[in-house]
Structure formats: C-alpha cells, structure tokens
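Numbering (the working numbering), first residue to last: 46 to 349.
From the three backbone atoms N, C-alpha and C, an ideal C-beta is built for every residue, glycine too.
Shown next, in structure tokens, is the structure this report addresses.
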C-alpha cells in the first residue's frame with residue numbers, strides 16, 4: 046500500500062476517533078455535573094465521575110493514542126472493543142448497537158491496522174487537545190456552580206410563598222423519599238401521608254398531594270431566591286428570570302434525585318416531571334428510576 050494512502054487512512058482514524066472521544070467527553074462531563082456529583086465526599090464524587098461518566102471517553106482516547114504509536118496493536122484493540130460492545134449490548138437493536146458501536150469499532154480497526162498517521166508527534170497533540178480542552182472548558186464552570194450550591198441543611202417541612210402560590214413542602218421521609226418511585230406510587234403515598242408528613246396512615250387522609258406544574262415551576266430557586274419561573278400551558282414551555290438549581294429549600298444537593306413527578310398527566314400513560322434546572326416534559330407513569338422521585342405539598346392553611 047502506498048505511503049500516501051497509509052497516511053490518509055491513519056489521519057482519518059485519528060480525526061474520527063478524536064471526534065468521538067471529544068463528543069463523549071462533552072456528554073460525560075455535562076452529565077456528571079447534571080445528575081452526578083451529589084456525594085458529600087470529594088473522593089466519592091471523583092470516583093463516580095471517573096468510572097460512570099468519563100471512563101468511556103478516556104478509554105477511547107487511550108486507544109487512539111495506542112493506535113497512533115502502535116498502529117496494528119491499536120487496530121486489534123478497536124476490533125476487540127467492537128466485539129465487547131456486541132456481547133454487552135446484544136439485546137439492543139442493530140440500529141443502536143451495530144451502527145453506533147460495533148461497525149465504528151471495525152472501521153477504526155481497519156484504519157489503524159493499515160494507516161500510518163505521520164508525523165506521530167502532531168497526531169498525538171491532535172488526539173489529546175480537543176477532548177482535554179472540552180473536559181476543562183465545560184467541566185470547570187459546572188464544578189464551580191455545583192460546589193457553591195446553596196444548602197442550609199434544613200430538610201424538614203418548608204413553607205414557600207411566591208406570587209402564584211403558598212405551599213408547605215413535605216419534610217424528608219415518606220413524602221420526600223431519597224429513592225425513586227413511579228407516578229402511581231408517588232400519588233398513593235401522598236394520599237396516606239400524615240399531617241406532619243413524617244409517617245403513613247393506615248387509610249387515606251388526602252392532606253398532601255403532588256404539586257401542579259405551575260406550582261413546581263414557580264417555586265424553584267437559585268441562591269435562596271425565587272427563580273421567577275412561569276409555565277405556559279399552551280406552548281408547554283417554561284421561562285425563568287434566573288436559572289434554578291438543585292438547592293435548598295426545595296432540593297437536597299446531596300441526593301441523587303434530580304427529577305420530580307407533578308400531579309398533571311399528559312395522557313393516561315404519561316405524567317409531567319420537572320427537573321431541578323426547570324425543564325418540564327412527560328414521562329411514562331410506570332417509569333421507576335433512582336433519580337426520579339417526588340416531594341409532596343399541601344396548601345398553606347388560610348387565616349381566620
């Protein structure tokens with residue numbers, strides 16, 4: 046094979062695999078600070094970030110660097126990676142696994158086996174700079190935001206008043222659990238929740254309920270100030286004067302819960318959820334995920 050073609054194949058492999066590593070680095074670091082980084086311990090947060098969110102982009106980056114230095118070794122490793130994906134995700138459709146994971150691995154195996162990305166020194170820099178720059182560019186601002194979240198440590202019942210509503214939000218416990226629930230379970234728990242929100246009664250008392258979308262949106266905060274959220278039921282969009290965050294008095298910054306169920310249904314099978322950053326969209330009511338929970342509310346008692 047001519048040297049010119051080898052260089053073309055080699056550089057094609059470097060650029061393509063660097064692009065994928067960069068995209069995965071972008072997704073991983075954003076997701077890390079969106080749904081992760083909730084442990085009180087820095088070591089636990091770093092471990093979660095490294096294993097759960099950044100292991101794939103760094104592994105892909107490592108394979109790229111190996112492919113640049115030892116082309117055929119890198120080719121074999123990419124081929125093994127494609128086989129690994131085929132075994133690990135064999136139950137998924139070909140469009141997901143084959144087109145997105147297995148076939149790209151085979152293509153990279155071919156490019157690095159036959160290609161020669163010369164000069165190698167430049168290829169190393171091309172492979173290293175984009176993913177690492179992405180990590181720092183998007184990771185540092187989010188890190189600063191997350192570690193400076195407002196947290197007064199009060200996870201009891203909270204009374205929040207704004208222009209739209211005055212509600213009492215349930216204390217941590219059955220009405221504000223630390224694990225995920227589906228919509229039906231959340232609705233049922235609210236019906237049985239005691240007056241103080243700390244226990245479940247033996248029969249429905251119907252004191253507490255799930256918040257409406259408008260109530261949840263208008264109650265979100267940032268730095269202990271109301272975010273000025275407004276829900277438009279026609280366009281089904283939210284607007285905020287300031288971006289809300291996962292902070293007290295509504296959220297527990299050290300909980301894995303980042304979405305709450307609302308009382309409103311989009312259909313017989315879907316209900317709306319709200320994220321700590323203000324997003325609202327429908328989810329299937331039977332969805333039961335560790336990061337999707339609820340916080341019950343009750344109306345503030347009217348004065349005499």
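Tell me whether residue i is buried or exposed, calling it buried when 16 or more other Cβ atoms sit within 10 Å of its Cβ.
i	result
residue 330	buried
residue 197	exposed
residue 284	exposed
residue 190	exposed
residue 291	buried
residue 313	exposed
residue 244	exposed
residue 88	exposed
residue 176	buried
residue 227	buried
residue 156	buried
residue 59	buried
residue 318	buried
residue 117	exposed
residue 109	buried
residue 264	buried
Which of the three DSSP states is assigned to residue i in this structure?
i	result
residue 287	coil
residue 264	helix
residue 276	strand
residue 250	coil
residue 306	strand
residue 233	helix
residue 218	strand
residue 331	coil
residue 166	helix
residue 158	helix
residue 320	strand
residue 245	strand
residue 259	helix
residue 173	helix
residue 295	coil
residue 112	helix
residue 126	helix
residue 225	coil
residue 238	strand
Per DSSP, residue i forms a beta bridge with which residues?
i	result
residue 121	Per DSSP, none; premise fails for residue 121.
residue 315	329
residue 271	266
Report yes or no: is there a C-beta of chain C within less than 8 Å of the C-beta of residue i?
i	result
residue 64	Given the protein chain composition of this structure (a single chain), no chain C is represented.
With a cut-off of 8 Å on the beta carbons, I'd call residue i and residue j a contact; round off their distance for me.
i	j	result
residue 262	residue 253	Contact doesn't hold; Cβ gap of about 19 Å is too wide.
residue 345	residue 269	Actually they do not touch by this definition, with Cβ atoms about 19 Å apart.
residue 258	residue 307	5 Å
residue 70	residue 173	About 11 Å; that fails the 8 Å criterion.
Complete beta strand (DSSP E) runs within the region 187-212 (minimum length 3 residues, chain order):
203-206
Kindly provide the ranges of any alpha helix (DSSP H) runs that are 4 or more residues long and lie completely inside the region 46-95, ordered along the chain.
48-80, 87-93
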